[in-house]
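Data block below; observations after.
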Amino acid sequence: MKPGKDVVWPKRLLKIDVSGDVLKVVLVGPSDTSQEYIALSHCWGTSKDGQQTTSTVPPKTNTTDLENYKSAGISESSLTKTFRDALDITRKLGVEYIWIDSLCIVQDDEEDWRIESRKMGSIYGNAYLVIAATLAKDGDHGLYCERAQRRIEFQTSAGEQVKAAVFLKAHHDIWKKGEQFWDVQDLPLFDRAWAFQERLLARRVVHYTPTELVWECSCSIDCECGDLQNPNTSWAEFKPGKNLKTKYSDVLVDSNMARLKFWHDICAQYSARQLTFPSDRRPALSSVARRIDFPGMGGAYLAGIWRDSLPHGQFWWSEFTNPKLYPLGAKTHRRDKSHKIPTWSWLSIGGRVSTWGISQACLIVVEILNVHYIPAMDGDDYGPCGEGIITLRSPGAPIEVAESKLPDGPSNKEVQLVGNQNSYDFYADENPFEHPAQNLKDSQLLAFLFGYSPSHSQVFILKLVPGTSKRYERLGIANLCPHEWFAGQTARVIELV
Numbered sequence: 110m111k112p113g114k115d116v117v118w119p120k121r122l123l124k125i126d127v128s129g130d131v132l133k134v135v136l137v138g139p140s141d142t143s144q145e146y147i148a149l150s151h152c153w154g155t156s157k158d159g160q161q162t163t164s165t166v167p168p169k170t171n172t173t174d175l176e177n178y179k180s181a182g183i184s185e186s187s188l189t190k191t192f193r194d195a196l197d198i199t200r201k202l203g204v205e206y207i208w209i210d211s212l213c214i215v216q217d218d219e220e221d222w223r224i225e226s227r228k229m230g231s232i233y234g235n236a237y238l239v240i241a242a243t244l245a246k247d248g249d250h251g252l253y254c255e256r257a258q259r260r261i262e263f264q265t266s267a268g269e270q271v272k273a274a275v276f277l278k279a280h281h282d283i284w285k286k287g288e289q290f291w292d293v294q295d296l297p298l299f300d301r302a303w304a305f306q307e308r309l310l311a312r313r314v315v316h317y318t319p320t321e322l323v324w325e326c327s328c329s330i331d332c333e334c335g336d337l338q339n340p341n342t343s344w345a346e347f348k349p350g351k352n353l354k355t356k357y358s359d360v361l362v363d364s365n366m367a368r369l370k371f372w373h374d375i376c377a378q379y380s381a382r383q384l385t386f387p388s389d390r391r392p393a394l395s396s397v398a399r400r401i402d403f404p405g406m407g408g409a410y411l412a413g414i415w416r417d418s419l420p421h422g423q424f425w426w427s428e429f430t431n432p433k434l435y436p437l438g439a440k441t442h443r444r445d446k447s448h449k450i451p452t453w454s455w456l457s458i459g460g461r462v463s464t465w466g467i468s469q470a471c472l473i474v475v476e477i478l479n480v481h482y483i484p485a486m487d488g489d490d491y492g493p494c495g496e497g498i499i500t501l502r503s504p505g506a507p508i509e510v511a512e513s514k515l516p517d518g519p520s521n522k523e524v525q526l527v528g529n530q531n532s533y534d535f536y537a538d539e540n541p542f543e544h545p546a547q548n549l550k551d552s553q554l555l556a557f558l559f560g561y562s563p564s565h566s567q568v569f570i571l572k573l574v575p576g577t578s579k580r581y582e583r584l585g586i587a588n589l590c591p592h593e594w595f596a597g598q599t600a601r602v603i604e605l606v
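For the sequence shown, the positions run 110 to 606 when this note's numbering is used.
Structure representation (structure tokens):
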């Protein structure tokens with residue numbers, strides 16, 4: 110199936126010269142929109158501190174290179190192994206064009222990057238196929254690999270000596286049970302935030318893994334060994350609908366409530382992925398949000414939270430409980446304020462979060478009085494945030510924060526009501542191992558009531574913005590007991606930024 114005339118096309122594609130070894134960057138005009146193309150999803154390559162390394166960073170198109178690439182082309186010998194393998198596969202499939210992000214977007218042109226990054230939904234969604242370099246941590250790895258095998262020698266009943274190669278059976282947990290299993294397998298691409306979006310957007314994907322090829326499309330999944338589709342294997346209970354990609358396709362035609370529930374899964378999965386540049390945290394999810402949005406689905410999109418899901422959508426928390434993902438001292442869960450994402454949004458934190466924080470038994474007390482949200486760019490509600498202020502009303506009480514008596518627990522801080530000796534766990538948004546309680550001793554802190562559960566009060570822990578009287582930033586959440594903490598406290602109006 111070829112894309113229609115009304116499809117939003119990428120500005121550039123790479124045209125493969127089948128007669129030589131030259132790759133040319135070509136501009137795509139209206140007359141070219143009948144051409145099939147393949148898209149590549151890949152890791153750019155990172156060092157231990159999360160920054161790109163000079164040895165593995167993929168070739169890029171910059172403003173100084175663009176005209177030369179368009180006229181003379183790019184020699185394939187100058188490309189990374191992953192890129193060369195992707196070209197080889199594209200040729201063998203009989204497709205003339207390929208889209209690769211680092212070469213088809215001018216990397217030092219902010220306007221070009223902004224325009225083309227907004228097209229990701231169409232670019233990956235309309236590609237004939239997405240080739241996923243799921244096994245490759247950088248461009249040097251490539252797509253083809255030697256598969257693990259063991260050679261054995263045995264004697265048949267007829268006395269004949271036979272030599273054979275035994276291939277190890279592939280694990281299918283990540284495809285069968287859910288994405289929480291990607292951290293125990295050697296699949297670097299599943300750790301990247303941009304690739305998470307690319308996989309969901311694609312019509313069909315072929316994953317190159319260390320053990321086999323895996324195919325995904327909007328309605329099914331299969332693998333080379335056949336176990337994911339074989340009803341006679343131990344995987345027989347697996348249903349394609351449990352797979353993240355097929356579930357995403359299903360909810361696009363499902364009810365608004367189903368979309369909203371699945372959005373919580375997307376938030377948790379996406380937040381655990383890594384980004385080289387914190388400024389990409391919102392753009393790398395924007396095309397998925399555009400696709401899942403629908404009139405009546407959840408109101409306006411507010412930096413990862415749907416307007417109609419407030420105040421529930423604000424009660425998220427950072428997860429520090431997985432020692433494999435977040436070892437002691439790991440540089441996760443940092444809040445980068447330079448990108449203007451409001452602290453009430455889970456997107457303001459670089460690390461895994463959970464948005465399933467409210468039980469049905471919770472009596473919500475906090476009131477939403479006003480939502481003031483302005484995107485950084487007119488008309489781009491899913492792009493960078495310009496300003497986000499939510500005005501709330503609820504009882505609040507002054508508090509202090511101290512180091513926990515159980516520093517190795519899920520929280521290493523406690524909150525204490527001013528004038529009261531009882532302490533309760535404080536679940537900080539930012540990595541508690543990098544932010545000692547001593548740093549907050551001169552801050553004006555507030556426990557702001559969210560609601561009452563049968564056994565405790567659920568509260569936001571907030572910090573007054575210096576120089577203001579009612580403007581606060583979020584620090585985390587806490588579950589306080591007993592309910593009497595807020596007895597006699599009058600409701601106050603605050604602005605959460």
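Glycine included, every Cβ here is placed at the ideal spot set by N, Cα and C.
Asked: Burial state of Q306, where buried means 16 or more other Cβ atoms lie within 10 Å; Found: buried
Asked: Residue of K354, M229, R382, V474 minimising C-alpha distance to S395; Found: M229
Asked: Beta-bridge pairing of A600 - partner residues as DSSP gives them; Found: P504
Asked: Nearest-angstrom Cα separation, counted from M366 out to V568; Found: 26 angstroms
Asked: R399, enclosing alpha helix (DSSP H) - first and last residue; Found: 392-401
Asked: CA-to-CA distance, I570 to A148, given in whole angstroms; Found: 44 angstroms
Asked: CA-to-CA distance, I603 to E325, given in whole angstroms; Found: 47 angstroms
Asked: Limits of the unbroken alpha helix (DSSP H) element including G230; Found: 229-234
Asked: Integer Cβ distance of L188 from A241, believed to fall under 8 angstroms; Found: That belief does not hold up - the Cβ atoms of L188 and A241 are roughly 18 angstroms apart, past 8 angstroms.
Asked: Helix, strand or coil at R382 according to DSSP, with G and I counted as helix; Found: coil
Asked: Residue interval of the beta strand (DSSP E) (run including W324); Found: 322-326
Asked: Same chain, Cβ closer than 7 angstroms to Y533, neighbours up to 5 away in sequence not counted; Found: E523, V524, A587, N588, L589, C590
Asked: Nearest neighbour of R502, chosen from G495, I473, L549 [CA to CA]; Found: I473
Asked: R399 versus E593: straight-line alpha-carbon distance, rounded; Found: 44 angstroms
Asked: Where the alpha helix (DSSP H) containing V360 begins and where it ends; Found: 353-360
Asked: Distance between E176 and V314 (C-alpha atoms, nearest Å); Found: 32 angstroms
Asked: C-alpha gap between R601 and F595, whole angstroms; Found: 12 angstroms
Asked: Whole-number beta carbon distance between G268 and T191, since they are thought to touch under 8 angstroms; Found: Going by Cβ atoms, the distance from T191 to G268 rounds to 48 angstroms, so no, they are not a contact pair.
Asked: Nearest neighbour of K356, chosen from S226, L309, S388, D218 [CA to CA]; Found: L309
Asked: At least three beta-carbon pairs within less than 8 angstroms, the region 191-204 to the region 369-380; Found: no
Asked: The beta strand (DSSP E) enclosing Q306, as first and last residue numbers; Found: Element bounds for Q306: not the beta strand (DSSP E) but the alpha helix (DSSP H), 302-310.
Asked: Integer-rounded CB distance, given that T441 should sit under 8 angstroms from E582; Found: Not quite, the Cβ-Cβ distance comes to about 20 angstroms (not below 8 angstroms), so this is no contact.
Asked: heavy atom of the ligand GDP below 7 angstroms from P119 C-beta; Found: Summarising the ligand content, the structure contains no ligands, and the ligand GDP is consequently not present.
Asked: Alpha-carbon to alpha-carbon, S454 and A181; Found: 47 angstroms
Asked: Test item: CB-CB of D93 and Y410 under 8 angstroms; Found: Residue numbering for the chain in the displayed model covers 110 to 606; residue 93 lies beyond these limits and cannot be assessed.
Asked: Distance between beta carbons of D300 and Q383, contact taken as under 8 angstroms; Found: 5 angstroms
Asked: Any beta strand (DSSP E) of 3 or more consecutive residues that is wholly inside the region 170-253; Found: 206-208, 238-241
Asked: Three-state secondary structure assigned by DSSP to H373; Found: helix
Asked: F557 classed as buried or exposed, judged by whether at least 16 other C-beta atoms fall within 10 angstroms; Found: buried
Asked: Candidates E428, S447, V475: closest to L419 by CA position; Found: V475
Asked: Residue burial classification, N431 (beta-carbon count within 10 angstroms, cutoff 16); Found: Any answer about N431 is weak, because its pLDDT of 47 lies below 50 and its placement is not dependable; what the coordinates show is given next. The residue in question, N431, is exposed, as its Cβ has fewer than 16 Cβ neighbours within 10 Å.
Asked: L555 versus V362, F535, Y561, E539, residue with shortest Cα-Cα distance; Found: F535
Asked: D445 versus I458: straight-line alpha-carbon distance, rounded; Found: 7 angstroms
Asked: Proximity of H316 and A245 at Cβ, strictly below 8 angstroms; Found: no
Asked: Proximity of R461 and A381 at Cβ, strictly below 8 angstroms; Found: yes
Asked: Straight-line Cα distance separating S143 from N235; Found: 11 angstroms
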